[in-house]
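Quick note on numbering: the sequence shown equals residues 16 to 360 in this note's numbering.
All C-beta atoms, glycine included, are put in the ideal place defined by N, C-alpha and C.
Note sheet for the following structure.
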Amino acid sequence: MSRQMRAVVLRHPGGPDVLRVERVPEPLPGLGECLIDVTLTGVNFDDLVQRAGAHPELPLPAVPGVEAVGRRRVDGRRVVALLRQGGGYAEVVAARDAYTVEVPAGIDDAQALGLFEQGGTAYGALLLAGRLRAGESVAVSAAAGGVGHLAVQLAVALGASPVIGLASTPAKRQFVKGLGADVALDPADPELADRLREAAGGMGVDLFVDSVGGPVARAGLAGLAPFGRLVCLGWRPAAADGPGTAGGDLPAVADVDDVTGVVALTTAQLARGSIGCAGFWMRHVVDHRELLSGIAERLFALAAHGRLTVHVDRTVALSEVGAAHAAVAARATTGKVLIDVRREM
Ligand SMILES: NC(=O)c1ccc[n+]([C@@H]2O[C@H](COP(=O)([O-])OP(=O)(O)OC[C@H]3O[C@@H](n4cnc5c(N)ncnc54)[C@H](OP(=O)(O)O)[C@@H]3O)[C@@H](O)[C@H]2O)c1
């Protein structure tokens, strides 16, 4: 008989209350996979999108969660894993060996978890897609969020200057300044493009890392310096006040013609502004084993030297995952939201 474990199961799309803890069979590792006895997993924004039903290609029922840290059952080594196929909100996960790295002594589980997926995304946006060079100016949207707070610290550590963070409340902007950002701006400022240019010394921003889209991305594009780059990491709906909002329409980067629906960002605009647009998806890193482990090694080293810290907003039990989703959707979190799968509530 297969061993049982506790896991959060998503049986049908909906609000945070559809996330329920159940006893289910432990996963069986396939070829090239290992079992991990999980200590911590985490909430990522895309988990909200999956829960709301905006990933129709993902079959349900499913155990959400794309990351986990814990002990590899076969040898007891401490490892952190990316779970492209989900399954993270559970006491045990089956992870691909290729998407798993060992955690060095001196890096605790919470740091390892935050650094691997969200830190890796920040790294990819700044360096792989954004081609950041020391001395360039960088702006980051949702800068107090899981990816954003690591992107700000990484930009500082890489010698970017000035580093500008966007966050929606004074408390979050203070948090962003505390991470080392030179300037913190309100993404809802109607003059955001001007504020970005001013903050970057008048010429505009060299690299804008955006995970919000819509008006924020538009202002980011308008605020770019010649040879500036906008890197798109993701997008959000305009409203943030409920469970269904996470999977809303995808806002266009630039204006859309109401009649034709055509996005009015043209190559001519890119040429006339000497600007560029790029995208980044972590999925394209995970399939390059050497790149993935090299990035993890560099991030762990920066963390070991105190240059990069995962700030934990809260740690919840599996039974509290719905409430944690609601907090992220309500924009009420700063930094990383962790799930301690062994905590009983
Ligand atoms: N491309 C990739 O490989 C990759 C990998 C991981 C994540 N991502 C993307 O990176 C982004 C950040 O992910 P994360 O997990 O770190 O999440 P997160 O940034 O912690 O998400 C929460 C924050 O997003 C901001 N936000 C802006 N508009 C929002 C809205 N309409 N609803 C809710 N929040 C809104 C809020 O900050 P303010 O209140 O300060 O605006 C909020 O605190 C997401 O778009 C995600 O899809 C991409």
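As DSSP reads the structure, Gln19 sits in a beta bridge with Pro40. Of the candidates Asp204, Val155, Val84 and Leu63, Val84 places its Cα closest to the Cα of Gln126. At a Cβ-Cβ threshold of 9 Å, Thr348 and Gly161 count as neighbours. Less than 9 Å divides the Cβ of Ile51 from the Cβ of Arg86. Around Ala159, the same chain offers Ala182, Lys187, Phe190, Val191 and Thr349 as residues with beta carbons nearer than 6 Å, after the five sequence neighbours per side are excluded.
Contact between Leu239 and Ile290 holds, since their C-beta atoms are separated by about 5 Å, short of 8 Å. Assigned with DSSP and collapsed to three states, Phe242 falls in strand. Secondary structure of Thr348 (DSSP, three-state): coil.
For ligand 1, a non-hydrogen atom lies closer than 8 Å to the CB of Glu132.
The Cβ atoms of Val94 and Val116 sit closer than 9 Å to each other. In this structure, DSSP gives Leu141 a helical state, which the three-state scheme calls helix. The C-beta distance from Gly45 to Asp62 rounds to 23 Å, too long to fall under 8 Å, and the pair is not in contact. Ligand 1 has no heavy atom closer than 8 Å to the beta-carbon of Gly45. Using a cutoff of 8 Å, the CB of Lys192 does not count as near ligand 1, since none of the ligand's heavy atoms is closer than that. Distance from the CA atom of Ala120 to the CA atom of Leu314, rounded to whole angstroms, is 14 Å.
Taken atom to atom, the span from the alpha-carbon of Ala149 to that of Gly174 is near 5 Å. Using a Cβ distance threshold of 9 Å, Gln100 and Leu323 do not count as a contacting pair.
Just so you know, the alpha carbons of Ala105 and Val39 end up roughly 9 Å apart.
Asp32 carries a helical assignment under DSSP once its states are collapsed to helix, strand and coil. Relative to ligand 1, the nearest heavy atom lies less than 8 Å away from the CB of Pro202. Per DSSP, Leu306 lies in no beta strand (DSSP E) segment; the continuous alpha helix (DSSP H) that holds it begins and ends at Arg304 to Ala319. In the DSSP annotation of this structure, the continuous segment of the alpha helix (DSSP H) that includes Phe60 starts and ends at Phe60 to Ala67.
A direct Cα-to-Cα measurement between Arg21 and Pro28 gives close to 20 Å. The way I'd put it, the region 129–141 doesn't touch the region 200–216; fewer than three beta-carbon pairs between them come closer than 8 Å. Counting C-beta atoms within 10 angstroms of its own C-beta, Gly309 has fewer than 16 neighbours from the protein chains shown and is therefore classed as exposed. Taking 9 Å as the cut-off, the Cβ atoms of Leu25 and Val356 do not count as close. Set against 8 Å, the gap from the CB of Ser289 to the closest heavy atom of ligand 1 is not smaller. With respect to the 9 Å criterion, Pro31 and Gly337 are classified as neighbours on the basis of their beta carbons.
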